[in-house]
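For the record, the sequence lines run as chains A and B. Numbering-wise, the first sequence is residues 1 to 325 according to the UniProt record's numbering. Numbering-wise, the second sequence is residues 1 to 346 according to the UniProt record's numbering. Backbone N, C-alpha and C define an ideal beta-carbon position, used for all residues, glycine too. Data first, discussion second: the structure below is written as structure tokens.
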Amino acid sequence: MDATLSGTEATTALKAAHKPTGRISDPIFVGILWGCGLLVLLLLGLIIAMLFEGGLPALREFGISFLWSTSWNPVTEKFGAGVMVFGTVFSAVIAVIVALPLSFGIAFFLTEIAAGPLRRPIGVAIQLLAAIPSIIYGMWGFFIVVPLIAAYVQPPLIEWLGPIPLLGALFQGPPLGAGMLTAGLILALMILPFITAMFVEVLESVPPMLKESAYGVGATTYEVYRNVSVPYGRTAMVGAVMLGLGRALGETMAVTFVIGNATRMSASLFAPGATIASTIANEFPEASIGSLKLQSLMQLGFILFVISFIVLALSRMLVRSKLEG
Amino acid sequence: MKLTHILSAAALSFAFSGAAYATDINGAGASFPAPVYQAWAAAYKEKTGNGMNYQSIGSGGGQNQIVNRTVDFGASDAPMADDKLASNNLLQFPTVIGSVVPTVNLDGIGDGQLTLSGAVLADIYQGKITKWNDEKIAALNKGVKLPDTAIVPIYRSDSSGTSFVFTSYLSAVSPDWKSNVGAATSVQWPAGAGAKGNEGVSGMVKNTKGAIGYVEFVYAAANSLPTTNLVNKAGKVVKPSVPAFMDAAAAADWAGAKNFAASMIDTAGDSAWPIVSATYILLPKNPNNADQSAAVIKFFDWAYTADGDAIAEKLHYIPLPDSVVANIKKAWSSEVKVDGKAVWTN
């Protein structure tokens, strides 16, 4: 094959490349890109504005005490976000407390211990956990986890830990199966892949020289983990946890299945409760236009938005500070 | 040869669906009557070629959509308030009657072996009766060995017409319930846990020893759930059955009811089941499109025939009494008008 071009062919090719139309098409292309970027901002802004505007009448009606009032009574139309805000935070915190040590273990196992052939399947399995739709987690939780917890976890815990003063308050009530603890456990499983993936990334970014040096002076695997890897990535890891927390806060379907859906405040891990997202999912279909209930649901949505926004902003700040520093 | 067959069949069905589309009607709302509406739609399409699309989105959603006129008709389990019907220019009429039944999970107690009363149910759902061997329950069940198990009341977590009917019953029989909780599609439950939908409630009851829940009879019958008997207003013990629901429907005050919203809760009559209610259709009195509105009326006119009744009964719904149907037809021809002209006449 003759790769060289003849003189005339080369000139035509050059002309084609420098067609004057490029001067018009390029600004159009740049314009489209601007449009794409701005669309995201515009959509986000509109959603916030819509939620705020839609929920404003509820805030006017109940005042600022809407945020902590524990009444959610559709009959008397007295609505408050207290129970749901508490449930949202409580279940998400349980999820993080359960998921955190597991993520640490898996991430360190994958980066330091697992041999080549084992690393991939475990890594893929964890990624697949993230791909399972939340409704599947909900069904699995409802039909498998809830009966198991009701039969084997709650009765002994209620019997042994229930009578202890103070701590016992966490273990009160009939063994329903559905409740805060179950919701937290399912959520933990759902946020595990996200936290683990970021932990793996952080642990992989630890300079090998630091670890080799530690091993060189006789440190054990645990000591390297405890004194080199974790301190190196601490800030980014906190960010990863916050990201997981953010995801747990907004989870809807899986939680609705297993939390027990009671708009009552209780400190017990076993008591049924409600989150903002589950309440919206439950009540939205029957809320009629212009009703105080719909406005209160909108306001709940706005509160969830604000909580998630704060958590995500915090996590981004922490992750970035590490990557830059 | 085969290919041409398939092609012509495809062309035919395409033409058919194209033609049918023109007169398809759209409705949305309550999930309780969705199975019968969908069964009617399938049979009606086979008979007339005209389709009906029904989206089961919940009563509140059905009310919203018909108020905004985004569908041809809305469907709601709870009747719409009279002033709201008037301000939105809507005609309300019932289609079928359904009932709500308690279901339990107790060792050694099967379908129909337990009897409860309205007052006891209200106390259970308020957390006032907490054990199955409580003397109030024992008094209703002489000769039945009741276990010393904690009662776990299960309710619908999603707001639903079923909850509306059930809480209306509890409000009717218990002044305590009426003042503390009240009746609505969702209430602030004083005790127990919530699960989503009939399948969620029955699933949770099945999973929890000592649990009690309430579901639509249609659902309980289809899934052979263990139900309880109830003591009715006349003081008689009744078993949930189609004749018991029909007796409740016959005892209702249809003549005195405004907008056909006759209450069938806790009616008098020796054999009447106390938790019975109709489900409703909402139709604009001033439709934008007279043909669509007429098509909706024709559909329900057919649904009230023997053919429609047979389908409803097969699915365990109760057809309306004939006198009520006659009044509904009168309302159609006198109240649904475009430019002063009725869109449908009997």
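Just how far apart, CA to CA, sit residue i and residue j?
{"i": "residue 291 of chain B", "j": "residue 254 of chain B", "result": "30 Å"}
{"i": "residue 21 of chain B", "j": "residue 50 of chain B", "result": "In this prediction, residue 21 of chain B scores a pLDDT of 47, lower than 50, which makes its location untrustworthy; the coordinate-derived value is nonetheless stated afterwards. Going from the Cα of residue 21 of chain B to the Cα of residue 50 of chain B covers about 8 Å."}
{"i": "residue 260 of chain B", "j": "residue 322 of chain B", "result": "14 Å"}
{"i": "residue 57 of chain B", "j": "residue 32 of chain A", "result": "38 Å"}
{"i": "residue 158 of chain B", "j": "residue 28 of chain A", "result": "49 Å"}
{"i": "residue 238 of chain B", "j": "residue 288 of chain B", "result": "47 Å"}
{"i": "residue 181 of chain A", "j": "residue 210 of chain A", "result": "40 Å"}
{"i": "residue 229 of chain B", "j": "residue 178 of chain B", "result": "22 Å"}
{"i": "residue 183 of chain B", "j": "residue 40 of chain B", "result": "31 Å"}
{"i": "residue 99 of chain A", "j": "residue 44 of chain A", "result": "30 Å"}
{"i": "residue 113 of chain A", "j": "residue 313 of chain A", "result": "33 Å"}
{"i": "residue 142 of chain A", "j": "residue 184 of chain A", "result": "13 Å"}
{"i": "residue 338 of chain B", "j": "residue 288 of chain A", "result": "27 Å"}
{"i": "residue 160 of chain A", "j": "residue 209 of chain B", "result": "21 Å"}
{"i": "residue 156 of chain A", "j": "residue 143 of chain B", "result": "33 Å"}
{"i": "residue 95 of chain B", "j": "residue 324 of chain B", "result": "10 Å"}
{"i": "residue 61 of chain B", "j": "residue 29 of chain B", "result": "6 Å"}
{"i": "residue 11 of chain B", "j": "residue 171 of chain B", "result": "Bear in mind that a pLDDT of 45 at residue 11 of chain B, under 50, signals an unreliable position, so the model cannot answer this."}
{"i": "residue 37 of chain A", "j": "residue 144 of chain A", "result": "44 Å"}
{"i": "residue 195 of chain B", "j": "residue 152 of chain B", "result": "12 Å"}
{"i": "residue 194 of chain A", "j": "residue 283 of chain A", "result": "30 Å"}
{"i": "residue 202 of chain B", "j": "residue 258 of chain B", "result": "35 Å"}
{"i": "residue 234 of chain A", "j": "residue 220 of chain A", "result": "20 Å"}
Using only CA atoms, which one of the options lies nearest to residue i?
{"i": "residue 150 of chain A", "options": "A/260, A/307 and A/301", "result": "A/260"}
{"i": "residue 165 of chain B", "options": "B/106, B/137, B/102 and B/199", "result": "B/102"}
{"i": "residue 188 of chain B", "options": "A/257, A/102 and A/264", "result": "A/264"}
{"i": "residue 154 of chain B", "options": "A/134, A/319, A/70 and A/262", "result": "A/262"}
{"i": "residue 317 of chain A", "options": "A/241, A/293 and A/120", "result": "A/241"}
{"i": "residue 249 of chain A", "options": "A/278, A/221 and A/232", "result": "A/278"}
{"i": "residue 67 of chain B", "options": "B/331, B/232, B/286 and B/310", "result": "B/286"}
{"i": "residue 158 of chain A", "options": "A/174, A/36 and A/141", "result": "A/174"}
{"i": "residue 293 of chain A", "options": "A/236, A/191, A/81 and A/145", "result": "A/81"}
{"i": "residue 100 of chain B", "options": "B/258, B/168 and B/23", "result": "B/168"}
{"i": "residue 330 of chain B", "options": "B/306, B/252, B/313 and B/301", "result": "B/301"}
{"i": "residue 202 of chain A", "options": "A/67, A/308, A/103 and A/36", "result": "A/103"}
{"i": "residue 126 of chain B", "options": "B/180, B/306 and B/194", "result": "B/180"}
{"i": "residue 94 of chain A", "options": "A/192, A/147, A/133 and A/25", "result": "A/192"}
{"i": "residue 256 of chain A", "options": "A/219, A/138 and A/239", "result": "A/138"}
{"i": "residue 204 of chain A", "options": "A/237, A/223, A/186 and A/189", "result": "A/237"}
{"i": "residue 188 of chain A", "options": "A/296, A/295, A/46 and A/92", "result": "A/92"}
Going by the DSSP bridge assignment, what does residue i pair with across the sheet?
{"i": "residue 337 of chain B", "result": "B/342"}
{"i": "residue 52 of chain B", "result": "B/25"}
{"i": "residue 213 of chain B", "result": "B/103"}
{"i": "residue 92 of chain B", "result": "B/282"}
{"i": "residue 152 of chain B", "result": "B/211"}
{"i": "residue 319 of chain B", "result": "B/96"}
{"i": "residue 231 of chain B", "result": "B/117 and B/237"}
{"i": "residue 72 of chain A", "result": "A/79"}
{"i": "residue 73 of chain B", "result": "B/27"}
{"i": "residue 275 of chain B", "result": "B/265"}
{"i": "residue 109 of chain B", "result": "B/106"}
{"i": "residue 195 of chain B", "result": "B/156"}
{"i": "residue 131 of chain B", "result": "B/150"}
Report yes if the CB atom of residue i is closer than 8 Å to the CB atom of residue j, and no otherwise.
{"i": "residue 185 of chain B", "j": "residue 78 of chain B", "result": "yes"}
{"i": "residue 221 of chain B", "j": "residue 247 of chain B", "result": "no"}
{"i": "residue 136 of chain A", "j": "residue 196 of chain A", "result": "no"}
{"i": "residue 280 of chain A", "j": "residue 303 of chain A", "result": "no"}
{"i": "residue 128 of chain A", "j": "residue 119 of chain A", "result": "no"}
{"i": "residue 216 of chain B", "j": "residue 232 of chain B", "result": "no"}
{"i": "residue 72 of chain A", "j": "residue 89 of chain A", "result": "no"}
{"i": "residue 276 of chain B", "j": "residue 249 of chain B", "result": "yes"}
{"i": "residue 146 of chain B", "j": "residue 116 of chain B", "result": "no"}
{"i": "residue 207 of chain B", "j": "residue 272 of chain A", "result": "no"}
{"i": "residue 280 of chain B", "j": "residue 93 of chain B", "result": "yes"}
{"i": "residue 226 of chain B", "j": "residue 118 of chain B", "result": "no"}
{"i": "residue 156 of chain B", "j": "residue 149 of chain B", "result": "no"}
My assumption, with CB atoms under 8 Å, is that residue i sits in contact with residue j. Please give the rounded CB distance.
{"i": "residue 204 of chain B", "j": "residue 178 of chain A", "result": "7 Å"}
{"i": "residue 283 of chain B", "j": "residue 90 of chain B", "result": "7 Å"}
{"i": "residue 299 of chain B", "j": "residue 44 of chain B", "result": "6 Å"}
{"i": "residue 298 of chain A", "j": "residue 55 of chain A", "result": "4 Å"}
{"i": "residue 172 of chain A", "j": "residue 268 of chain A", "result": "4 Å"}
{"i": "residue 200 of chain A", "j": "residue 245 of chain A", "result": "Wrong, their Cβ atoms sit about 19 Å apart, outside the cutoff."}
Do residue i and the ligand ADP come close, with the Cβ less than 7 Å from some heavy atom?
{"i": "residue 160 of chain B", "result": "As presented, the structure is devoid of all ligands, the ligand ADP included, so that no description of it is given."}
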